[in-house]
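Here the structure comes first, spelled out in structure tokens, and everything after it is commentary.
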Amino acid sequence: MKLLLRVMLLLVFCGVNTALSAQHDDHDSGDHSSHDGHGHATEVHEGCAHDDSYDPASVILHHIADANYFEIIHGVNLPLPLFLYAPGHGLTTGLSSMLGDDHHLKAVDGYVMNHGRVNRLADSAGDAMLSGEYDVECILHKTEVNEAGKEKDTYYAKINGQEYLLNAASVGDGGLLGGGITNFYDFSITKNVFTMLLAALLLILLWTAVARGYKRNEGQAPSGIQSLMEPFFVFLRDEISIPMIGEKHYEKFQPFILTVFFFILFCNLFGLIPFIPGSANVTGNIAVTMALAVIAAIVAYVHGNAHFWGHVLWMPGVPVFVKPLLTVVEVLGLVIKPFSLMVRLFANITAGHIIILSLVSLIFIFGNNGESVFGAAAGGVVGVAFTLFMNCIELLVAFVQPFIFAILTASYIGAAVEEHEHEHGHEGSHDVEYENLNDSNPAYA
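Per mature numbering (1 follows the signal peptide of the UniProt record, and there is no 0), the sequence shown runs over residues -24 to -1, 1 to 421.
This is the structure:
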């Protein structure tokens, strides 16, 4: 039961953060701008013309980004539920398909689908445009210069010949830490959220079946799914929990270590599946890895004993004038540890996906967008061979990364709950060994 509660808590935290995260790709629809020197963009190409040339960077960013639907094939999508709230306008719900598809976009209550993510018309569009339903001719991308002289990508929805500025996708911090202040909040089920919920459901079903197996086979050899999962359980207990946390405290944290390990593992494996229910880049989303790292840090630091906090806030055994400097360093360490967890998992998973997609892109690059059949064939041979190799590496990484995350989390917990007497015990044992060594060999005396 404790394991199930931890899984549900973990998924709620990650799900909300991911649903509110801004995974906004830089896909360019072909519209370009120049600057007039007054902080505004001057449009060079008017209308909704699209550049059909292959852009590897845009395609890769589009595939690793989160989205409000699953793309089965180009132009055929599986919609996901939308839960959108705008202050003063209320709640808007439905499926993502209500905002149209790649060929026929719609604006509903001011919400527009912009390259897989929901944006909303800025408040300057007026109440008339922020309610009801309108056909969207196209989404225009422009690069503008703000008052500070910095370039910023902006998007406009063209409706009835007029261009309306779009707010960025909703973010958990309300836009205060980047992306600008948004005029709505997005609690929708995205690809990443759907995959996390699916992973949580499978974990609950899996460990419920394992628990029933232990009750049914009490005192007997394991069988069925129990025999499959027991090696994982024993390995994580004997190689991570006990060595890192200690035999006295490990049982308290073992469910959490198991939850973190299998949650990351399942999400990684789903990310290797190129079709539904896979294809979501969950652990390659910085919001998800941040949530996991923050939870791990909270679990470790909340259980930190007086000995741990004493060493962090006022290091014993050092001169008083050095203690403030060490306190700053130790406090920074409390922040750096979860930050390293977050970046390590995110960077490894994202890098693997980018490499695979880059290898696949060789087919289109060598083929010069279909103009060279032999080039495409050569790119296919090279791309497929290396992609198969990279998929094997990715499968290995899918297992290695949750192990690293779990073992580092356990080490942080172990450092927080380690008892002072335990250290003296170790020192005493070393002294006894040294005395015995001197007694057995006078040369060392």
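Each residue gets a CB set at the ideal place from its N, CA and C atoms; glycine is no exception.
Return yes when the C-beta of VAL112 is under 6 Å from any heavy atom of the ligand PLP, and no when it is not.
Ligands are entirely absent from the displayed structure, and the ligand PLP is therefore not among its contents.
Go ahead and label ALA276 buried or exposed: buried means 16 or more other beta carbons lie within 10 angstroms of its beta carbon, across all protein chains shown.
buried
ASP42 versus PHE362 - alpha carbon distance:
26 Å
Which residue wins for smallest C-alpha separation from SER240, given the options LEU116, LEU179, LEU71, GLY66?
The displayed chain sequence assigns Ile, not Ser, to residue 240. Comparing Cα positions, the closest option is LEU179.
So which of MET205, PHE170, LYS167 has the shortest CA-CA distance to THR184?
MET205
Is it a yes or a no for the stretch 314 to 329 touching the stretch 370 to 380, going by three-plus beta-carbon pairs under 8 Å?
yes
Minimum C-alpha distance to VAL373 - residue among ILE271, LEU248, HIS279, GLY76:
LEU248
Check this for me: beta carbons of ILE233 and ALA386, under 7 Å apart or not?
yes
Looking at LEU333: is its Cβ nearer than 7 Å to the Cβ of VAL358?
no
Once you ignore the five residues that flank LEU152 on each side, which residues in its own chain have a CB closer than 6 Å to its CB?
Per-residue confidence for LEU152 stands at a pLDDT of 47, beneath the threshold of 50, marking its modelled position as unreliable; the derived number appears in the next sentence. So no residue of the chain qualifies.
Rounded to a whole number of angstroms, what is the C-alpha to C-alpha distance between TYR110 and ARG96?
13 Å
Between LYS82, HIS329, ALA392, which lies nearest to LYS313 when the distance is taken from Cα to Cα?
ALA392
Indicate whether PRO32 and TYR45 have their beta-carbon atoms separated by less than 7 Å.
no
Taking only the alpha-carbon atoms, compute the straight-line gap between VAL278 and VAL270 and give it to the nearest angstrom.
12 Å
Does the beta-carbon distance from residue 509 to LEU106 come in below 7 Å?
The question about residue 509 has no answer here: the residues shown for the chain are numbered -24 through 421.
So, under 8 Å CB-CB, PHE229 and PHE59 are touching, yes? Tell me the CB distance rounded to an integer number of Å.
The pair is not a contact, with the Cβ atoms about 34 Å apart (cut-off 8 Å).
Do ALA98 and ASN168 have their C-beta atoms within less than 7 Å of each other?
no
Do you know whose CA, among GLY64, ASN122, GLU139, lies nearest ALA83's CA?
GLU139
Does LEU301 pass the burial test, meaning 16 or more other C-beta atoms within 10 Å, or should it be called exposed?
exposed
By DSSP, does ASP77 sit in helix, in strand, or in coil?
coil
Is the beta carbon of ILE221 sitting closer than 7 Å to the one on GLY390?
yes
Classify LEU56 as helix, strand or coil using the three-state DSSP reduction.
coil
Counting only runs that start and end within the stretch 315 to 362, where is the alpha helix (DSSP H) found for 4 or more residues in a row?
none
Can you give the Cα-Cα distance for PRO231 and ASN90, rounded to whole angstroms?
40 Å
I think PHE342 touches GLY328, with their Cβ atoms under 8 Å apart; what is that distance to the nearest whole Å?
Wrong, their Cβ atoms sit about 22 Å apart, outside the cutoff.
Quick one: using the 10 Å Cβ neighbour count with 16 as the cut-off for buried, is ALA256 buried or exposed?
buried
From VAL52 to SER73, what does the alpha carbon distance come to, in whole angstroms?
11 Å
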